[in-house]
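Visitor: Heads up: the sequence shown begins at 100 in this note's numbering, then just goes up one per residue. The beta carbon of each residue, even a glycine, is placed where N, CA and C say it ideally should be.
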Amino acid sequence: MSTDQYTIREWERISYLCPQSSQEHVREVWNLILKPLFPHVPTGGKCFTVTDEDNQDRFPQIAVTHLNGRFPTLPLFKVCCIGFADPDMDMWKVLEEAVELDLLEASSVLEGKPRASLFAAIAVGPLVRFYRLDEEDYFCYVEHRDRDAYDVHRDFDVIVEHLLQIWGAMA
């Protein structure tokens, strides 16, 4: 998949994402980013739903479900959208703990069934980190090279690579 899947208008909207963006703006942009990668129309034998979740106890999320996979009702990938100017290491840690708890809660639905990896991303303004809870409930994050996180403006191709890996892993 190449980045030519996005229109000029979509690129413009993505380019407006900044550290001061609201949670809703972050979620709007991530819906745009996910749209060509996780289409509702079947591609390669896979058909997805991408839905916004609003839970007052959690930050706004986007849930991606693979409709013709082993778990058609369970979101195997979530993007947690945060509006915050400058996340420090303590904030990332708090967010990671919340995401790990969320993924463990989701994996409990799989009790007694063959397990699946669950994925998450934390998007704070233009920054994003990727996480995985594997079949053994081991929670890990994806290396971000020498940075705290990937930046939508500088690392878009790398972000798309990670999203494609998640797409491929969704059973």
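Which of helix, strand or coil does DSSP assign to Glu152?
Guide: strand
Visitor: Buried or exposed for Ser206, going by 16 or more other Cβ atoms inside 10 Å?
Guide: buried
Visitor: Between the Cα of Ile221 and the Cα atoms of Tyr230, Pro213, Asp103, which residue gives the shortest distance?
Guide: Considering only alpha carbons, the answer is Tyr230.
Visitor: Alpha carbon to alpha carbon, how far is Ser216 from Glu111?
Guide: Cα to Cα, Ser216 sits roughly 33 Å from Glu111.
Visitor: Suppose contacts are defined by Cβ-Cβ distances below 8 Å. Is Gly182 in contact with Ser120 by that definition?
Guide: yes
Visitor: What runs of the alpha helix (DSSP H), each 4 residues or longer, lie entirely inside the region 239-268?
Guide: The region 239-268 contains, as complete alpha helix (DSSP H) runs of 4+ residues, the segments 255-268 (chain order).
Visitor: Return the first residue and the last residue of the alpha helix (DSSP H) that Leu194 is part of.
Guide: 188-206
Visitor: Quick one: give me the first and last residue of the alpha helix (DSSP H) that Gln104 is part of.
Guide: Per DSSP, Gln104 belongs to no alpha helix (DSSP H) and is neither H nor E.
Visitor: Helix, strand or coil, according to DSSP, for Leu217 in the structure here?
Guide: strand
Visitor: Sort out for me which residues DSSP pairs Cys180 with in a bridge.
Guide: Cys180 pairs with Ala222.
Visitor: With three or more beta-carbon pairs closer than 8 Å as the criterion, would you say the region 157-164 touches the region 117-131?
Guide: The region 157-164 is in contact with the region 117-131.
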